[in-house]
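Report on one structure; see the data block that follows.
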Amino acid sequence: MRRATGEEDARPIAATQRAERKEARREQLVKSAASVFMQQGVAAASVDDIVRAAGVAKGTFYLYFRGKKEIFDELVIDLNHRVRQAMTEGAAQGSTRVEKEQLGFAAFFRDPVVAAVGGLGMLPIAARAVRGLRWPGR
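The opening residue of the sequence shown carries number 131 in my numbering; numbering runs sequentially from there.
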């Protein structure tokens with residue numbers, strides 16, 4: 131869109147920059163939540179801990195998420211996607227079924243998020259943490 135002066139309208143650029151900043155802030159909150167959950171455990175962590183780690187106000191958190199459960203659910207979905215993607219890409223390099231399984235699992239353990247939580251050894255701890263959560267309405 132052009133203005134009468136012949137200058138381009140800056141509104142589409144500004145809207146794109148706002149959307150990018152908003153996505154970056156959301157990503158910052160999610161990464162901070164992952165760090166807090168790994169350090170303290172999901173049940174012990176609070177929204178206050180997450181916003182403190184992210185360096186944002188508590189109100190900012192609630193612009194993006196309804197509560198701790200919602201950000202936790204997003205992390206679980208993201209981890210699921212990352213693990214499946216890594217295993218699929220690793221398995222694609224194999225030529226036999228056994229080789230595909232080996233390469234898929236090797237890729238799983240190379241994923242930085244899986245490595246950060248200690249691979250399969252963390253599954254029982256994660257399962258206990260999730261069972262220990264008591265969400266409102268459940």
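From the three backbone atoms N, C-alpha and C, an ideal C-beta is built for every residue, glycine too.
| Check | Outcome |
| --- | --- |
| Residue of 190, 144 and 239 minimising C-alpha distance to residue 160 | 190 |
| Nearest-angstrom Cα separation, counted from residue 165 out to residue 220 | 26 Å |
| Extent of the continuous alpha helix (DSSP H) to which residue 178 belongs | 177-184 |
| Range of the contiguous alpha helix (DSSP H) that encloses residue 196 | Element bounds for residue 196: n/a, residue is neither H nor E. |
| Closest by C-alpha distance to residue 212, when choosing among 184, 141 and 234 | 234 |
| Residue 234, enclosing alpha helix (DSSP H) - first and last residue | 227-240 |
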